[in-house]
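These notes are about the structure you will find just below.
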Amino acid sequence: MKNFMEESIAEIRETIREEKVILSINEDIKSIVLAVLLHKAIGDQLVGLFINNGLLRKSEPEETTNVLSQRFNMNITTLDEQASFFENLNEIEIDEEKELAVENQLVNIVQREVSQLKTIKWYASNALYGDKDDAKDLFHQSSMLGLKELKPLCWLYRQEVEELGRHLRVPDYILGKQPITLVGLAGKVKGKVTEERIHVLRESEAILRFEVFQAGLEYQLEQFYTVLLQPEWDFSGEQWTYPILVKMIEKINSTQMMRAKIPDNVLDRIARRIGNEVPKVSNVYYDITVDPAVDS
């Protein structure tokens, strides 16, 4: 991987020469590793764009931009686009439509920024080897942006991207983050996506994450996250309340996973904290599904 890093840097420099590259940066590790790789290769010729869509996990916007600007001295343009994403998601309940709404808004914002920056010639894609046959290329080979496409990671798997990140000195707390899709927390909300519902889910997920690390379970678990279920009407309080589903999964082998065997005291603490500290949470459930094929 060290050879790959050095060869990629040389190839990027040879390909780009004096031109500029725009990269839409998000909180996922492949995006962060690509940003560091490009910056190492071409420095300020990289135009890094971090779009805060309001759907990220707690502290993730600050965590991502801080590590890039402070540790790697990158110039990152941060755009607060939370209002526009929630407006696009208004009244949408179907997961596939949520994904389309988020993708469309992301494309609109990047197109707007490219139109204002006349010197941009390249768009950097963080597509990996497993994505190369995926029809969902947001920018359709960058033709929608009128730019040439750069795909430095297209022959790597996710685990190899993590290894590359270590050679680039990306911190372990970034490389060890839970994967998240483009729609962020919206993908874990059942039903409509609102700012209140995202807030409830975000705070619940932050408590789960803290308690997992506090108990030293992060290496035992393949995945751990919370899901906000359909709201329930609380007749006593005369308000809508939210049930939270906690999911923690262990890997059995390369093709099978199962629910994690978590000590009761840890589960009790997670449930108690979410119920007491997050407003409007009615119940906390633990998913004990044996074969979560959809999450594998």
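Numbering (the working numbering), first residue to last: 5 to 300. Each residue gets a CB set at the ideal place from its N, CA and C atoms; glycine is no exception.
* To do: Round the Cβ separation of residue 310 and residue 80 to the nearest angstrom and send it over; I've been treating them as touching at under 8 Å.
  => One cannot answer for residue 310 here, as it falls past the ends of the chain, which runs 5 to 300.
* Stretch-stretch touch, CB-based, cutoff 8 Å, three pairs: the segment 29–48 with the segment 169–189 -> yes
* Asked: With distances taken from CA atoms, which of 85, 41, 262 and 49 is nearest residue 59?
  -> 85
* Helix, strand or coil at residue 176 according to DSSP, with G and I counted as helix -> helix
* To do: Compute the beta-carbon to beta-carbon distance between residue 229 and residue 251, rounded to the nearest angstrom, for a pair I have assumed lies under 8 Å.
  => 6 Å
* Asked: If you scan the segment 69–117 from start to end, which runs of the beta strand (DSSP E) of 3 or more residues do you find wholly inside it?
  -> 80–84
* Asked: Short check: CB of residue 253 to CB of residue 225, under 9 Å?
  -> yes
* To which residues does DSSP link residue 124 through a beta bridge? -> 24
* Could you check the C-alpha separation between residue 135 and residue 158 for me, to the nearest Å? => 8 Å
* Asked: How about residue 40 and residue 193: are their beta carbons less than 9 Å apart?
  -> no
* To do: Would you decide whether residue 260 is buried or exposed? Buried here means 16 or more other CB atoms lie within 10 Å of its CB.
  => exposed
* Asked: Touching or not, the segment 207–215 and the segment 100–109, by the rule of three or more beta carbon pairs under 8 Å?
  -> no
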